[in-house]
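Novice:
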Amino acid sequence: MIKPKYPDLRNYIDPDTPTVKSDETSHEGYFVPEIIFTYGQPKSIIKKILTLLPTILDTLRNVFKSYKSIRRNPGEASQLPGDGLFDDFKTLAIKLHCSSVGFTEIPTDMIFRNREILYKYAFVMTMEMRREAISRAPGRVAAGEVWRTYHELGRVVNRLAGFLRDRGYNAQAGPSLGGDTNYVRLAQKAGMGWTGRHGLLISPENGPCQRIAVVYTDISLPFTDSVDHAWIESFCSSCGRCVKKCPGNAIYQEYKKLDEGGRQYIDYKKCAVPFSQTLGCSVCIRECTFTKGSYDKIKAAFNAKAQG
Ligand code: SF4
Ligand code: SF4
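Residue numbers for the sequence shown follow the numbering used here, so the first one is 1204 and each next one is one higher.
(1) Assign Arg1362 to buried or exposed, taking buried as 16 or more other Cβ atoms, counted over all protein chains shown, within 10 Å of its Cβ.
(2) Alpha carbon to alpha carbon, how far is Asn1385 from Tyr1215? Give it in angstroms, no decimals.
(3) With hydrogens ignored, establish whether the beta-carbon of Val1387 is closer than 8 angstroms to any heavy atom of ligand 1.
(4) Buried or exposed: which applies to Asn1409, given that a residue is buried once 16 or more other Cβ atoms fall within 10 Å of its Cβ?
(5) Of all the alpha helix (DSSP H) runs that stay within the bounds of the region 1288–1351, which reach a length of 4 or more residues?
(6) Compare the beta carbon distance of Lys1459 and Gln1467 with 9 angstroms and say whether it is the shorter of the two.
(7) Please list the segments of the beta strand (DSSP E) lying wholly inside the region 1337–1423, counting only runs of 3 or more residues, in order along the chain.
(8) Could you compute how far the alpha carbon of Thr1258 sits from the alpha carbon of Ile1337?
(9) Check the C-beta distance from Cys1484 over to Ala1374 and give it rounded, since I have them as a contact under 8 angstroms.
(10) Would you give the residue range spanned by the beta strand (DSSP E) that Lys1460 belongs to?
(11) Exposed or buried, what is His1401 when buried is set at 16 or more other beta-carbons lying within 10 Å of its beta-carbon?
(12) Taking only runs that begin and end inside the region 1422–1500, name each unbroken alpha helix (DSSP H) of 4 or more residues, in chain order.
(13) Using the Cα positions of Asp1501 and Gly1394, report the straight-line distance between them to the nearest angstrom.
Next up, the structure:
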């Protein structure tokens, strides 16, 4: 069986094009289809995959489109944002069903090992996975929602990259499926939420029920790093529901501190088995306290308890 491979930026640019590279503390990146084919049981899903096959194939087609469309960049483009650029970008993203939009600079350790990107800034977008569908995980309905979001957000970031190019700016779409950078850490840095014990972003809008994608650019918009949602880390320490409910026993009791620095929350090899058997598992998302309740209410209760 042929194993799917994530596109290599180098195949889409001239050899002398400058890029922003990962560093020695960067972590390995994972491409969902590649993990399933390496560690999961891909044969077990062939029958189940048939109804989702058109969506999966079009999602992959859009991933390659994100790289091919780099050739349409103006190159010697302005790096100064015009009036209202961020607001116009955000308005379009929300119109295209994104839930939230942030902007940040990308530290090189957030670029996956041996990967590179064209620009050092990123617009970061989240898109909701409907809670009603995720509440039926694992199975066909939740899997359909997972792949609907990968697909739709993959198309949206290509549209948003086109929007920037039409205004004379450089852009590189980072699809929702796969990616060259750690989207959860970028979204956290941009103040859009915090990493939960399951390694996923928990946001005020969607809890963990979302996918994330980015558009890289060299436009120097103002940004501030945020720790607004850091309280979630203490909350997670006393919760642990996702750890108990994970069918693959894949979520670490305590995140693993990696030798090169940084954290790993789940064992991807263990996750790949239920993930591939059910086309996207999502039990940790279904079971998360932030899926079952609202962010604001959980935060208010947490603060009240902390104050005695
Ligand atoms: S997707 Fe499923 S197997 Fe993977 S970490 Fe979440 S609950 Fe565990
Ligand atoms: S289930 Fe609990 S421990 Fe796990 S991520 Fe959600 S809030 Fe944190």
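Where a beta carbon is used, it is the ideal one built from N, C-alpha and C, also for glycine.
All values derive from a computational prediction rather than experimental measurement.
Specialist: Reading from the atomic positions:
(1) Sequence index remark: in the sequence shown, residue 1362 carries index 159 (1-based). By the 10 Å Cβ count, Arg1362 comes out exposed.
(2) Stepping through the sequence shown from its first residue, residue 1215 is reached at position 12. Stepping through the sequence shown from its first residue, residue 1385 is reached at position 182. Roughly 21 angstroms between the two C-alpha positions.
(3) Within the sequence shown, the letter at position 184 stands for residue 1387. No, since every heavy atom of ligand 1 falls outside the 8 angstroms radius drawn around the Cβ of Val1387.
(4) As a working note, residue 1409 is residue 206 in the sequence shown. That one is buried.
(5) 1288–1298, 1334–1337
(6) Here residue 1459 is taken as the residue at index 256 of the sequence shown, counted from 1. Here residue 1467 is taken as the residue at index 264 of the sequence shown, counted from 1. Going by C-beta atoms, Lys1459 is nearer than 9 angstroms to Gln1467.
(7) 1375–1377, 1413–1420
(8) Stepping through the sequence shown from its first residue, residue 1258 is reached at position 55. Stepping through the sequence shown from its first residue, residue 1337 is reached at position 134. Roughly 18 angstroms between the two C-alpha positions.
(9) Taking the sequence shown and counting its residues from 1, the one referred to as residue 1484 is at position 281. Taking the sequence shown and counting its residues from 1, the one referred to as residue 1374 is at position 171. Rounded, the Cβ-Cβ distance is 33 angstroms, inconsistent with contact.
(10) To locate residue 1460, count along the sequence shown from 1; it is residue 257. Where Lys1460 is concerned, the enclosing beta strand (DSSP E) stretches over 1454–1460.
(11) By 1-based counting over the sequence shown, the position of residue 1401 is 198. Buried, because 16 or more other Cβ atoms sit within 10 Å of the Cβ of His1401.
(12) 1434–1440, 1444–1448, 1471–1480, 1486–1490, 1492–1495
(13) For the purposes of this step, residue 1501 is taken as the residue at position 298 of the sequence shown. For the purposes of this step, residue 1394 is taken as the residue at position 191 of the sequence shown. Per the sequence shown, residue 1501 should be read as Ile rather than Asp. Roughly 18 angstroms separates the two Cα atoms.
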